[in-house]
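Some notes on the structure that comes next.
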Amino acid sequence: MRAMVRSLGAKLILAAGLICLLCLCLFLALSWFLLSYFSAHHTPFPHIWLAIVALLLFISAPGFLLFSVMVRRFISLPLAKLLSQVDQGLRLPLSLPPRTPSPASNALPLPMASGDELTALSLAFQQLNSTLAQQDAESRLLTRQLSDLLSMSDALISTLNLEHLLAEIVSRLGVIMQVRQVSLLLYGRDQPAPWAVALWSNDPPRTELLTGETYRQGQVRVYTDPRADITLAATTKMAALPRPTPPAPRRRVIRPPRLQAAVARVEPPHPRIPQEALRELDMLLARMAMQKQKIAYGEDVRAIYQERQERWARLALEAGYGAVIATPLLLQDETIGAIMLYSERPYQLTQRDTFLLSTAAIQAAMAIQDALLFAEVKEKNVALERANQLKSQFLATVTHELRAPLHSIISYGSLLVDGFVEGTLTPEQEEHIRFMIRRAEDLSHLVDDMLDLSKIEADRLEVRPEPLAIEGCLREVVDQLKPLAFARDLTLQLELPEELPRVLADSYRLRQVLVNMVSNAIKFTERGGITIRCSLLERYDMLRIAVHDSGIGISPAALEYIFEAFRQADSNTARKFGGTGLGLTIARKLVELQGGEVFVESMPGRGSIFSFVLPLAASAKSPGRS
């Protein structure tokens with residue numbers, strides 16, 4: 001029965017019922033015995049009633065004693081134990097200390113020993129309910145702040161514009177920490193003044209003068225010094241914001257039209273950070289946090305000023321602040337700035353606040369680093385693009401200026417050798433003129449290669465692929481280069497299959513690729529010969545053209561850069577065989593522009609195989625392939 005009864009009320013009713021039943025049974029039994037006894041001895045009736053009343057009192061005393069024992073055993077002792085446990089739980093630090101004293105925490109006193117158990121237990125549960133409600137509010141606040149911190153991280157990742165980034169940092173941090181104002185200062189290495197300032201205020205917006213270097217969104221103001229040089233651990237020395245500087249910058253003013261001209265006339269020609277944005281309080285607190293490299297705070301500015309008479313406390317009181325917090329921005333163990341938060345009332349800094357500020361400072365420093373690196377890369381890309389444009393312009397100018405005199409030298413030399421000019425040349429003179437013509441032609445080819453390379457790099461080289469019968473193009477190249485191979489006692493052979501399909505290629509550029517590859521093979525082959533072979537790759541609907549030579553070969557290390565411009569296998573090769581290293585580079589680019597790919601196989605002393613593949617024309621592809 002005891003195990004089935006759970007509530008205190010049920011236990012109390014059960015105990016009372018059992019005792020009453022026991023007492024009633026005992027009373028009835030004894031009353032029957034006394035009545036029988038008194039009837040046998042003819043006892044007077046008043047005496048009988050007096051005996052029954054005495055019997056009733058005698059039986060009630062043990063019943064009340066038993067009832068008290070059962071109440072203490074099943075009710076009083078469990079209540080006292082529960083009350084002690086609740087009292088012990090209330091004295092434990094269940095949550096972080098609140099920022100300001102909560103009225104709910106002092107509204108109900110602790111249970112007193114003078115009260116009864118049920119009253120004390122009721123008061124204890126009320127206080128426990130208040131504590132749990134306070135904990136729930138703290139948990140909800142922490143959840144919301146962590147969610148806002150995650151949103152802040154996403155917002156910082158989504159932008160690489162420095163002004164937008166600084167505005168996001170101060171505005172979102174002000175909302176997360178629920179303060180009146182947030183200031184952010186960025187310093188360069190060994191710089192006494194900041195090169196960027198961001199301000200966020202919860203005050204009503206006012207009309208402000210905004211320079212050309214200011215970005216404003218709501219109540220956010222961002223100022224940067226475009227002439228400041230910053231040097232951080234992650235960047236080289238660079239301008240604060242790489243943007244083109246206008247020859248005569250003007251100040252953009254948000255004012256009525258009648259005041260705009262007057263204000264613009266009195267502004268300096270090179271705007272810097274306005275003096276009103278450089279508050280002494282911000283710079284003092286930033287220096288304190290940067291020197292300590294940890295969070296510096298004043299929870300009660302008035303008390304600190306009355307106790308220590310510090311300058312920053314006086315400035316904070318004059319500005320109407322009750323508490324200040326300064327958080328350094330660390331980047332690779334180097335301080336790049338600080339974030340200052342200002343509250344109107346005293347602000348008790350908790351462990352939660354320290355965690356939020358530290359996390360936000362880390363995210364802000366990394367985002368600023370990314371923005372500066374992006375700005376540096378962008379600046380260098382602009383410089384590289386400018387250098388590339390100058391190089392292309394220089395090559396175009398040089399090739400244009402060299403072509404005319406080279407063609408004149410080649411033409412006039414050919415006239416002399418062919419006898420179209422009066423007079424007779426001696427064999428020695430004719431040999432010298434022929435040498436001059438060959439060198440002029442080499443220089444003309446070099447100029448053409450440089451011009452083609454500049455067009456390829458600038459993506460201005462036009463290639464017009466069309467269905468082409470490649471056999472005629474191959475025979476023309478062999479006929480053109482056979483005299484060069486015979487002059488070096490080399491053989492030049494062409495091996496073609498019985499049926500050669502049409503390919504999709506530009507005939508002029510394909511001939512240029514073949515001439516470059518075969519000429520390169522002849523130049524680096526001292527004995528033996530060169531063979532051009534064609535084979536059909538039906539699986540890929542491609543035609544493979546390979547140039548085999550028995551030359552000096554290429555080492556495995558040189559194969560990695562053999563197609564780079566102005567590169568040959570090694571310096572000895574360049575001195576012995578000559579050349580500029582542009583032929584293979586141009587050939588590879590031209591093949592890729594026609595939808596093909598170039599391959600090379602070589603071993604030192606065993607010759608080389610330079611091959612490339614070209615797509616087949618639509619009419620020559622295998623059935624079922626597109």
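To convert, note that position 603 of the sequence shown is 603 in full-length UniProt numbering; the numbers rise steadily by one, no gaps.
All C-beta atoms, glycine included, are put in the ideal place defined by N, C-alpha and C.
Boundaries of the alpha helix (DSSP H) harbouring leucine 590: 583-593, taken from the DSSP string. Shown here, proline 78 sits in a helix according to DSSP, grouped into three states. For cysteine 23, the CB contacts under 7 Å within the same chain, skipping 5 residues up- and downstream, are Ile59, Ser60, Gly63 in chain order. A straight line joining the alpha-carbon of leucine 494 with that of aspartate 448 spans about 27 Å. Non-local beta-carbon contacts of alanine 361 in its own chain, meaning distances under 8 Å to residues more than five positions away in sequence, involve Thr327, Pro328, Leu329, Leu330, Ile339 in chain order.
At least 8 Å separates the beta-carbon of cysteine 534 from that of proline 483. Judged by beta-carbon spacing, leucine 474 lies beyond the 8 Å limit of alanine 505, meaning their Cβ atoms are not closer than that value.
The alpha-carbon of glutamine 369 is positioned some 14 Å away from that of serine 158. Valine 591 and valine 513 do touch by the CB rule: their CB atoms are close to 6 Å apart, below 8 Å. As for any alpha helix (DSSP H) of minimum length 4 sitting wholly inside the stretch 463-502, the runs are 470-487, ordered along the chain. Put simply, of Met517, Ala40, Ile470, Ala546 the residue whose alpha carbon is nearest the alpha carbon of leucine 500 is Ile470.
Taking 4 residues as the shortest admissible run, the stretch 503-555 contains the following complete alpha helix (DSSP H) segments, listed from N- to C-terminal end: 507-523.
By the Cβ-count criterion, histidine 41 is exposed, with fewer than 16 other Cβ atoms from all chains shown falling within 10 Å of its own Cβ. Of the candidates Leu21, Ile273, Pro346, Pro556, Ile273 places its Cα closest to the Cα of tryptophan 195. Of the residues assessed, lysine 391 falls on the exposed side of the cut-off, its CB having fewer than 16 other CB atoms within 10 angstroms. Burial is judged here by how many other beta carbons sit within 10 angstroms of a residue's own beta carbon; tyrosine 321 has at least 16 and is buried. The shortest C-alpha to C-alpha distance from leucine 141 to any of Thr131, Asp154, Gln178 is the one to Gln178.
By the criterion of a C-beta distance shorter than 8 Å, leucine 56 is surrounded in its chain by Phe27, once the five residues flanking it on both sides are discounted. Taking the CA atoms as reference points, valine 222 sits about 23 Å from glutamate 334. Beta-bridge analysis with DSSP links threonine 327 to Ile339. In the displayed model, arginine 386 falls within a helix according to three-state DSSP. Put simply, of Glu526, Leu461, Ser507, Leu453 the residue whose alpha carbon is nearest the alpha carbon of alanine 487 is Glu526.
According to the DSSP assignment, serine 171 belongs to the alpha helix (DSSP H) that extends over 162-177.
Rounded to the nearest angstrom, the gap between the Cα atoms of arginine 302 and arginine 345 is 10 Å. Between valine 69 and the set Glu307, Ile19, Met542, the nearest pair of CA atoms involves Ile19.
DSSP places threonine 224 in the strand class (E or B) of the three-state scheme.
Taking a contact to require three or more Cβ pairs closer than 8 Å, the stretch 293-301 and the stretch 346-355 qualify as touching. Rounded to the nearest whole angstrom, the C-alpha separation of leucine 593 and arginine 509 is 10 Å. Of all C-beta pairs linking the stretch 453-468 to the stretch 413-427, fewer than three are shorter than 8 Å, placing the two stretches out of contact. A straight-line Cα-Cα distance of about 15 Å links leucine 357 and leucine 156. A Cβ-Cβ distance of about 6 Å is found for the pair leucine 453 and alanine 565, placing them in contact under the 8 Å criterion. Cα atoms of aspartate 148 and asparagine 129: separation of roughly 28 Å, rounded to the nearest angstrom. Selection Ile522, Arg172, Leu446, Val71 evaluated against valine 398 yields Leu446 as nearest (Cα-Cα). Note on arginine 172: 16 or more other CB atoms within 10 angstroms of its CB, so buried under the neighbour-count rule.
By alpha-carbon distance to aspartate 154, the top candidate from Arg403, Met366, Leu543, Glu466 is Met366.
In the assembly as shown, tryptophan 49 is an exposed residue. Its beta-carbon has fewer than 16 other beta-carbons within 10 Å.
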